[in-house]
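Peer 1: Before we start, here is the structure in question, set down as structure tokens.
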Amino acid sequence: MKFKSYKDLGQDIQNNIHKLQGEGYDLVVGIPRSGMIPAYMIGLLLNVNCTDLNSFLNNASIKSGITRKGARTLNTAWDAEKILLVDDSVMTGRSIRAALEQIKDRTSRQVTRLAIYVERDSIKFIDIFFEIAPGPRVFQWNIFHHPVLGSSYVELEGVLCLEPDRGVIQEEERYRDYLMNAKPLVLPTYKLHTIVTHRSEEYRELTLRWLEKHNIEHDHLIMSDASSTRKAEDFEEYAAQLANHYGSSIARLFFAKKELMARRVAEHSGKPVFCLESSEMCHPGMGSVAKNGKQHLVRVAMRKLRRKFLLMTPDSTKQVMQRFYRKCFR
186 MKFKSYKDLG QDIQNNIHKL QGEGYDLVVG IPRSGMIPAY MIGLLLNVNC
236 TDLNSFLNNA SIKSGITRKG ARTLNTAWDA EKILLVDDSV MTGRSIRAAL
286 EQIKDRTSRQ VTRLAIYVER DSIKFIDIFF EIAPGPRVFQ WNIFHHPVLG
336 SSYVELEGVL CLEPDRGVIQ EEERYRDYLM NAKPLVLPTY KLHTIVTHRS
386 EEYRELTLRW LEKHNIEHDH LIMSDASSTR KAEDFEEYAA QLANHYGSSI
436 ARLFFAKKEL MARRVAEHSG KPVFCLESSE MCHPGMGSVA KNGKQHLVRV
486 AMRKLRRKFL LMTPDSTKQV MQRFYRKCFR
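Here the sequence shown stands for residues 186 to 515, where the numbers follow this note's numbering.
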């Protein structure tokens, strides 16, 4: 599955902005909702005004901030002579065709169609594209509103709701209040395959009430085998449990909050994991953090200690210490 983050989007636009510079565009029109993100990025790089499709169709006034003025002053949307119509991606071409038809019904101005990401079969629907990105694909800006959720495992704490403070976990009354009133982080618009949580089974009913309260649909809810949620589970054991569930299921994607957990689950399950902490898609074999866990952190600490030690060590003993370090911590 191909994944694009906000960072990837910004870099891909920067790498291709030369295709648009000097072409005389005086208004960028984004197709809501996803098309507005690249539209505003492009508008800033070209230093031209930007608006959404509905505002353009209604000939809305064009406004800009007091710190930045566009290359050409426009009072209303239809004052634009050359329009750049932008969407984040095109597959069937239906959205961008419909947008173009609506624009043509209202103005005879020149319109250039741009999609950041296309498939080979969809190139014919646009005038300019930045990258061929064949499916299956998912973007960070719409990942929680994508059909892939129907075949995904999602962590509850840190992904769907705020994690509790340590003090809350240690007090039963405060913890139960948290379970009932935790602040949601994202509200997926598709039914989830499985929600996973380190809460123990005794809190299943409260957890289900919270999910129902926020209209988060799911097929399965996997809770911890631990006798008490407030006892910290062994990280390796918990990660292995999640990876085993995920790896043996038909699910295609796992959503994790922490990077180390994401890499661990990816490594053990052999499947991709989206990490919210690092905004990246983790795959099996991505690095020493996934492979070595705590040992990696020890090596980092030892490298720092070695550098400090060598600064205080006479030159005559440095070579001996360096050989010892390479043998033990290479």
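Backbone N, C-alpha and C fix where the C-beta goes; we use that ideal spot for every residue, glycine too.
1. DSSP on N243, reduced to helix/strand/coil?
2. How would you write the range of the alpha helix (DSSP H) that K289 sits in, first residue to last?
3. Are K204 and I313 closer than 7 Å when you measure CB to CB?
4. Less than 8 Å between the CB atoms is what I'm expecting for S385 and M408, so what's the real figure, rounded?
5. Which term fits G352, buried or exposed, when burial requires 16 or more other beta carbons within 10 angstroms of its beta carbon?
6. What is the rounded straight-line gap between the Cα of R279 and the Cα of L270?
7. Measure the alpha-carbon distance for D211 versus K368 and round it to whole angstroms.
8. Mapping DSSP to helix, strand and coil, what is Y191?
9. Should V323 and H330 be called a contact, given that it needs their Cβ atoms to be closer than 7 Å?
10. Quick one: using the 10 Å Cβ neighbour count with 16 as the cut-off for buried, is R291 buried or exposed?
11. With a CB to CB cut of under 7 Å and the five nearest residues on each side skipped, what residues in its chain are close to L229?
12. Evaluate L347 with the Cβ neighbour count: other Cβ atoms within 10 Å of its Cβ, from every protein chain shown; 16 or more gives buried, anything less gives exposed.
13. Suppose the cutoff is 6 Å on Cβ atoms and the five residues either side in sequence are ignored; what does the same chain contact list for K189 look like?
14. So if DSSP puts R298 in a beta bridge, which residue, or which two residues, is it bridged to?
15. Would you mind reading off the limits of the alpha helix (DSSP H) that contains M226?
16. With H, G and I counted as helix, E and B as strand and the rest as coil, what does DSSP make of R484?
17. According to the Cβ coordinates, are S307 and V275 closer than 7 Å?
18. Near T236, what residues of its chain come up, given a Cβ to Cβ distance below 8 Å and the 5 sequence neighbours on each side ignored?
19. Using the C-alpha atoms, what's the distance from L231 back to H430?
20. Is D197 near E316, with beta carbons less than 7 Å apart?
21. For G175, which residues from the same chain have a beta carbon less than 6 Å from its beta carbon, with the 5 sequence-adjacent residues on both sides left out?
22. Are the CB atoms of T379 and Y423 nearer to each other than 7 Å?
23. Under a three-way DSSP split, which group does M466 fall into?
24. Should L482 go down as buried or exposed, given a rule of 16 or more other Cβ atoms within 10 Å for buried?
Peer 2: In short, the structure shows the following:
1. coil
2. 279 to 289
3. A distance below 7 Å separates the beta carbons of K204 and I313.
4. Contact annotation, S385 with M408: C-beta distance approximately 6 Å; criterion of less than 8 Å satisfied.
5. exposed
6. 14 Å
7. 42 Å
8. helix
9. no
10. Using a 10 angstroms sphere on the CB of R291, the tally of other CB atoms stays under 16, which defines it as exposed.
11. none
12. exposed
13. F324
14. Residue pairing for R298: DSSP places it in a beta bridge opposite L270.
15. 221 to 231
16. Bear in mind that a pLDDT of 46 at R484, under 50, signals an unreliable position, so the model cannot answer this.
17. yes
18. Closer than 8 Å at Cβ, skipping near neighbours: L212, V213, V214, G215, A245, I247, A262.
19. 48 Å
20. yes
21. Outside the modelled stretch of the chain, which goes from 186 to 515, sits residue 175, for which no answer is possible.
22. Y423 is positioned such that its CB atom lies no closer than 7 Å to that of T379.
23. M466: strand per DSSP, three-state reduction.
24. Because the pLDDT of L482 is 46, which lies under 50, any placement of that residue in the model is unreliable, and the number read from its coordinates should be weighed accordingly. By the 10 Å Cβ count, L482 comes out exposed.
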